[in-house]
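S.K.: The structure that follows is given in the form of structure tokens.
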Amino acid sequence: MLRCKDFVKIVSVEEPRAWRRRLELRLHMMMCRHCRNFARQMEMLRSGVKSIFHSESSDAETAKIKEMEDRIVDQLKK
455 MLRCKDFVKI VSVEEPRAWR RRLELRLHMM MCRHCRNFAR QMEMLRSGVK SIFHSESSDA
515 ETAKIKEMED RIVDQLKK
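For what it's worth, my numbering labels the leading residue of the sequence shown as 455, then goes sequentially.
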């Protein structure tokens with residue numbers, strides 16, 4: 455079973471694609487209300503950031519946004 459620390463790392467950095475990983479996450483969320491709240495908050499943040507940064511913009515702005523997203527992901531992986 456996943457520990458809360460592992461759960462946070464997975465949910466923060468990646469979207470789980472493997473069915474086993476998704477199952478582990480769901481089982482953990484069924485038992486841990488703190489991680490359930492964290493996952494809900496992360497989803498709200500992701501949707502908010504996507505709505506802000508993915509609005510209609512020029513190619514230069516799109517490139518800057520992509521660069522910022524890449525830096526954020528790199529920092530989260532560390």
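We treat Cβ as the ideally placed atom computed from N, Cα and C, and that holds for glycine.
Along the chain, where does the alpha helix (DSSP H) containing Arg-480 start, and where does it finish?
M.R.: As a first step, residue 480 must be located in the sequence shown, where it is residue number 26. Note, Arg-480: alpha helix (DSSP H), 473-485.
S.K.: Are the segment 484-499 and the segment 463-472 in contact at 8 Å, needing three or more beta carbon pairs?
M.R.: Yes, the segment 484-499 is in contact with the segment 463-472.
S.K.: Please classify Arg-494: does DSSP put it in a helix, a strand, or coil?
M.R.: On the sequence shown, position 40 is the one that residue 494 refers to. Reduced to three states, the DSSP call for Arg-494 is helix.
S.K.: With DSSP run on the structure shown, which of helix, strand or coil describes Glu-468?
M.R.: Counted from its first residue, the sequence shown places residue 468 at position 14. Three-state DSSP puts Glu-468 in coil, outside helix and strand.
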